[in-house]
Each structure stands twice: as C-alpha cells, then as structure tokens.
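A.B. asks: FYI, my numbering numbers position 74 of the sequence shown as 74, with every residue one higher than the one before it.
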Amino acid sequence: MNYANKNIQRMKPYCPPLNGRREYTGLNLDFNERTIPTSKKVLTKIREYLENPDLQMYPEYGGFEEKIAGYVGTDESKMMITNGSDQGIDLIFRTFTDVGDKVVIPVPSFAMFFQCAEVRANNILKIPYNDDYTYPIEKVLKEIEKGVKLVVICNPNNPTGTLTPLEDIEQILRAALEKDTLVYVDEAYYEFSKVSAVTLLDKYPNLIVTRTFSKAFGLCSLRIGYVIASEEIIGEMLKIRGPYDMNMISYIAAMEALNDIEDLEMYVNEVMNIGKPILEEFFEENGIKFYPSGTNFLFFAPENRDKTWQALKDNGILTRKKNGLNDEPIIRITIGTSKQMKQVINVFKKYIINS
Ligand SMILES: Cc1ncc(COP(=O)(O)O)c(C=O)c1O
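(1) Could you check if Thr97 is buried or exposed, using at least 16 other CB atoms within 10 Å of its CB as the buried criterion?
(2) Helix, strand or coil: which one does DSSP assign to Lys239?
(3) Could you tell me the distance, in whole angstroms, from the CA atom of Asn155 to the CA atom of Asn2?
(4) Across which residues does DSSP place Met79 in a beta bridge pair?
(5) Given Glu231, which residues of its chain have a CB within under 7 Å of its CB, disregarding the five upstream and five downstream residues?
(6) When you compare the stretch 133–146 with the stretch 157–164, are there three or more beta-carbon pairs, one atom per stretch, that lie closer than 8 Å?
(7) Do you know whose CA, among Asn206, Gly316 and Ile252, lies nearest Gly62's CA?
(8) Quick check: is any heavy atom of ligand 1 less than 6 Å from the C-beta of Thr95?
(9) Using beta-carbon positions only, say whether Ala176 and Val185 come within less than 7 Å of one another.
(10) Measuring alpha carbon to alpha carbon, tell me which of Ile249, Gly70 and Gly336 ends up nearest Leu50.
(11) Taking 6 Å as the cut-off, is the CB of Phe110 close to at least one heavy atom of ligand 1?
(12) By DSSP's criteria, Ala301 is part of a beta bridge. Which residues make up the other side?
(13) Ordered along the chain, which non-local residues of its own chain (more than five positions away) have a Cβ less than 6 Å from that of Tyr24?
(14) Excluding five sequence neighbours on each side, which residues of the same chain lie with their C-beta closer than 8 Å to the C-beta of Asn123?
(15) Gly84 and Ile224 look like a contact to me (Cβ under 8 Å); what is the Cβ gap, rounded to whole Å?
(16) Using the Cα positions of Met272 and Lys6, report the straight-line distance between them to the nearest angstrom.
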C-alpha cells in the first residue's frame, strides 16, 4: 500500500548532485555559491557564540527583521525570515495555491518552483523562455489574461543567468493586479544583479519577493532566507511557518553579515567586474557561445558538452551539466574571483581548445 497522496506518488525527489562535492579538491563551480569563505567577522561572531552557547534554549531573533528591512529598504512588517529561500518558495505555494490552480513557471528555471507546485497538485503552465533566454513576457501576459493564480519570475533566472528588466516585471504586475493574480519574484542573486522589484511593493499588493543569504553572503550551509511582501501577505504566510525554523547560529551569522557590507561589496565587485569579464572575453575570443548573464554564473554551449565537462572536472573544475530549451547540451559555470577564472581558462587552453 502506498499511503502518499496521488500527486506525491507521481513525483520524484529533488536530488541535486551534491555527493562528494566537499571532498573534491578542485574548484566547486557547480552550485552558484560564493567561491571564497564568508566574511571573517561572521566567522568570529559564530566562534564567540560557541564559546558561551545557549543551545539548550529555543532561538530568538531579536532585531533581525528590523535589520534586514533596513538593508532591503522596507518596513519590518513586510518581512518574514525563512529557513533558506527554499522554505519561502514552499510557503508561497502552500499559502496561496490549491489543487488544480494554474501557476505559470517559465522553463528552464529553478527546480524548487516545480517541486513546490507539484506538492500542491497545481496545474503548472510551463512557458518556454524566448530563444535568447529572455523572459517570455508576451506569452505570460496571455496566460494572465486567461486567468492564473500565480506567476513566477526568477530574476536573474537560474540556470540561464538572464535578467528581466523592471519595466517588464511592472507590466506583468499591472496585468496581474487586474486579474487578482499573484506575482512571485525570486531574487536569490540580487546582490550580484542589483535589480530588485522591492521598489514596486507599495504600488503592487500582489507582489512577493524572496531573497537569501546563501549566495553573495556565502552562508548557504546555514540556510537563511527571507520573504518581502505586503503586511497582509506576510500575515497569511506567518500562519504556516514554524516559530523556530531558523537556528540560533544562522541568526548570529546573518546579523553579523549585515554589519559587514564591505565584505559583501568586495566579493560582488570581484565577481561581477573582474572575474566575469575575464571569462566572457575568453569565451568570445574562442567562439564559445554563452548567454548574457546578470549574475555570478554563465550558461554556455561548448562544442562537445560532455567532453568539456569531463575535462574540466578531471582538471580541478566542477561545473553543472544542463539542457537548453530544445534539449541542447549546456554547461552552467559559477563565476568566482579573477584568479579562479584564470584557472578555468588555463584548463580550457590546455585540455579543451585544440585538443
Ligand atoms: C533561483 C534560486 N532561488 C532559490 C534558491 C535557494 O536558495 P536557498 O539556499 O536560499 O534556499 C536557489 C539556489 O540555488 C536559486 O538558484
């Protein structure tokens, strides 16, 4: 007897290829993570806490939402902290969608959107991204016109890296508001892209944004995310979030990360203004097709995907195999520091190009 709900029985678990990553001695450029350790000040704060810990007590998050709200530029009543933004995604689907509800999730995109929609037994409308991996705004507007519960905009999109301009997001929000449709914008990579829909929050009560400390802040192991939306939306979501879903060490780390914005800016600058142009220039010079990215990873199509992925792996660079819209083989590579990108280029020169 399988006791699971019918829709759960039809699902497969989301199992990203994590096994052995920590033992890999090369560069992990496969999960869009920060490629150097997190801020030293954060590590010091965690050590200090562990010298005199109170782990026997339930966590308290005094001042945290206020502090994040200051960083985001909004009011703390519009904030909710979550156990990674993955939990925020789950809460959005659980709070606002029901069995059979139509939800628009353009493809390809981040696996958790589909998983959370499948758990709710939603009717998922998988709208393909445009051929250049820009957001399929016209097609999405048509679906909104017909009536949908929720529209997802992953900005920048994982795995393609492409950015949707704020004007397009506003166009969707406007159309959606008329039809009582929610618009969910995932901003996991906001610190790199510096494009945010949060400025539209006061005008559009149908907007929900999620962000995370996992990427540019380099704290993905500690699972800290947050949701930004109207007070009413946050109020509904708070009804189903547990009171202790984020642990005490994560709280201490995230508070300190927000005290060390200098470290964040140093890393983002290194990746976006130094490491990224180095790799892009190399790809351009060598005719390797890649798509414009607004963030810390590139979606590129080498001549022989599997051979390239293997040669990179064998020579100290772990990347991620992906498929494009028409199933074309693609690699997604995380951008790191200039030194790390030069290491990648050396492997290309020595083992991939002309070999
Ligand atoms: C687009 C996007 N959203 C959300 C997440 C989840 O991040 P978190 O670690 O905050 O759960 C990721 C992680 O890769 C992501 O790429």
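Idealized CB from N, CA, C, for every residue including glycine. Just so you know, these numbers come straight off a predicted model, no measurement behind them.
C.D. replies: With the given structure in hand:
(1) For this step, residue 97 is matched to residue 97 along the sequence shown. Buried is the call here.
(2) Position 239 of the sequence shown, counted from the first residue, corresponds to residue 239. It is coil, neither helix nor strand.
(3) Here residue 155 refers to the residue found at position 155 of the sequence shown. Here residue 2 refers to the residue found at position 2 of the sequence shown. Between Asn155 and Asn2, the C-alpha separation is close to 38 Å.
(4) Taking the first residue of the sequence shown as position 1, residue 79 is located at position 79. The partner list for Met79 (beta bridge, DSSP) reads Ile228.
(5) What you label residue 231 is simply residue 231 of the sequence shown in a count that begins at 1. Result list for Glu231: Ser77 and Lys78, in chain order.
(6) yes
(7) As a working note, residue 62 is residue 62 in the sequence shown. The option with the nearest alpha carbon to Gly62 is Ile252.
(8) The count along the sequence shown starts at 1 and reaches residue 95 at position 95. Shortest gap from the CB of Thr95 to any heavy atom of ligand 1: 6 Å or more.
(9) To locate residue 176, count along the sequence shown from 1; it is residue 176. To locate residue 185, count along the sequence shown from 1; it is residue 185. For Ala176 and Val185, no; Cβs fall outside 7 Å.
(10) Position 50 of the sequence shown, counted from the first residue, corresponds to residue 50. For the residues Ile249, Gly70 and Gly336, the minimum Cα distance to Leu50 belongs to Ile249.
(11) Within the sequence shown, residue 110 is the residue found at index 110, counting from 1. True, at least one ligand heavy atom lies under 6 Å from that Cβ.
(12) Residue numbering aside, residue 301 sits at position 301 when the sequence shown is read from its first letter. Ala301 is bridged to Lys289.
(13) For the purposes of this step, residue 24 is identified with residue 24 of the sequence shown, where counting begins at 1. Leu318.
(14) Locating residue 123 in the sequence shown gives position 123, counting from the first residue. Same-chain partners within the cutoff: Gly100, Asp101, Lys102 and Val103.
(15) For the purposes of this step, residue 84 is identified with residue 84 of the sequence shown, where counting begins at 1. For the purposes of this step, residue 224 is identified with residue 224 of the sequence shown, where counting begins at 1. In this structure, Gly84 and Ile224 form a Cβ contact; the two beta carbons are roughly 7 Å apart against a cut-off of 8 Å.
(16) By one-based count along the sequence shown, residue 272 stands at place 272. By one-based count along the sequence shown, residue 6 stands at place 6. Going by the C-alpha atoms only, they are around 45 Å apart.
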